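Engineer: The structure follows.
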Amino acid sequence: SQELEQSPQSLIVQEGKNLTINCTSSKTLYGLYWYKQKYGEGLIFLMMLQKGGEEKSHEKITAKLDEKKQQSSLHITASQPSHAGIYLCGAEGSFGQGTELSVKP
Amino acid sequence: DTAVSQTPKYLVTQMGNDKSIKCEQNLGHDTMYWYKQDSKKFLKIMFSYNNKELIINETVPNRFSPKSPDKAHLNLHINSLELGDSAVYFCASSQGGGTSTVRKLFFGSGTQLSVL
């Protein structure tokens, strides 16, 4: 099965700062998705990447799948308290362990 | 309209009891899943059902049994609950399944199970 490892596991940033979360796969990725989980709530779909080198953006969140298709990064520009939560990468039904993001006002 | 709904949202019970968590999706998807999120927030797949057929079972204890009366429902039954079963359980659905297929998962809001 697909194994995904995320880094860092937790992250505390000051509001307005940029940040990056990485997701590394043990196998070639045929597609990868990013979800966000708010505390006590379900998972919210952010975006899905399918092609090597593909990059997608949604508001201030950008995700990229590297060309070798074994790693993805999620970048948040000018972070806000509303960005706080747990970010998970997923592929083929498996998920990374999540990155817990806190944004200090 | 909630796309994937699961009930109850919270479930507190004693060790040894049998309980069920219900899940329904109104998206017309053909594949449904159960995930367990442990205290470390790690999300792990437990089961998936495609056209009433179990296609994934990740070494889950046989005290856990999924029941799918139709493709819009996938309920999770747990017998003889143990302390270690305490976690958040998420139901999800997608159109299409299989291990090499990219598919978008739609999640329910989770059921927090506490076993005392």
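Going down the list, the sequences are from chains A and B. At position 77 of the first sequence (counting the first as 1) the number is 77 in my numbering, and the numbers step up by one without a gap. At position 9 of the second sequence (counting the first as 1) the number is 114 in my numbering, and the numbers step up by one without a gap. No residue lacks a Cβ here, since even glycine has one placed at the ideal position from N, Cα and C. These numbers come from a predicted model, not from an experiment.
1. Taking C-beta to C-beta, are A/Leu4 and A/Gly96 nearer than 7 Å?
2. With distances taken from CA atoms, which of B/Val220, B/Thr216 and B/Phe211 is nearest B/Asn131?
3. How close, in whole Å, do the beta carbons of A/Tyr35 and A/Leu43 come, if the pair is a contact with beta carbons under 8 Å?
4. Quickly, what does DSSP pair B/Val109 with across the bridge? List them, please.
5. Would you call the stretch 13-30 of chain A and the stretch 61-70 of chain A touching, i.e. three or more CB-CB distances under 8 Å?
6. Would you kindly work out how many angstroms separate the C-alpha atoms of A/Gln14 and B/Ser198, rounded to a whole number?
7. Between the Cα of B/Leu218 and the Cα atoms of B/Lys209, B/Gln200 and B/Leu186, which residue gives the shortest distance?
8. Taking 6 Å as the limit between beta carbons, can you name the residues of its chain near B/Val117, skipping five residues before and five after?
9. Consider the Cβ of A/Ser57: report whether some Cβ of chain B lies at a distance smaller than 7 Å.
10. For chain A, is any of its Cβ atoms less than 7 Å away from the one on B/Gly215?
11. Just tell me which of A/His75, A/Ser7, A/Gln9 and A/Gly90 has its CA closest to the CA of A/Gln50.
12. Just grab the DSSP bridge partners of B/Asp175 for me.
13. Considering only their Cβ atoms, is the gap separating A/Ser7 from A/Asn22 smaller than 7 Å?
14. Compute the distance between the beta-carbons of B/Tyr154 and B/Phe195, then report whether it is under 7 Å.
15. Would you say A/Ser72 touches the ligand NAD, meaning its beta carbon is less than 6 Å from a heavy atom?
16. For B/Thr164, tell me which candidate among B/Gly189, B/Asp175, B/Lys149 and B/Lys172 has the shortest Cα-Cα distance.
17. When the distance is taken between beta carbons, is B/His182 closer than 7 Å to B/Ser125?
18. Run through chain B and tell me which residues come within less than 9 Å of A/Leu107, C-beta to C-beta.
19. So, at 8 Å on beta carbons, what are the nonlocal neighbours of B/Ser205 in its own chain, with the 5 sequence-adjacent residues on each side left out?
20. Taking 6 Å as the limit between beta carbons, can you name the residues of its chain near B/Thr112, skipping five residues before and five after?
Structural biologist: With the structure as the only source:
1. Against a cut-off of 7 Å, the Cβ pair of A/Gly96 and A/Leu4 comes out as a contact.
2. Relative to B/Asn131, the option among B/Val220, B/Thr216 and B/Phe211 whose CA is nearest is B/Phe211.
3. 4 Å
4. B/Gln130
5. yes
6. Rounded to the nearest angstrom, the two C-alpha atoms are 36 Å apart.
7. B/Leu186
8. Cβ neighbours of B/Val117 beyond the five flanking positions: Ser219.
9. no
10. So, interface residue.
11. The option with the nearest alpha carbon to A/Gln50 is A/Gly90.
12. B/His178
13. yes
14. no
15. This structure simply doesn't include the ligand NAD, nor any ligand for that matter.
16. B/Lys149
17. yes
18. Because chain A in this structure spans residues 1 to 105, residue 107 of chain A falls outside the shown range and cannot be described.
19. Unreliable positioning characterises B/Ser205 in this predicted model, as indicated by a pLDDT of 45, which lies under 50. The coordinate reading is nonetheless provided below. There are no such residues.
20. Cβ neighbours of B/Thr112 beyond the five flanking positions: Lys127.
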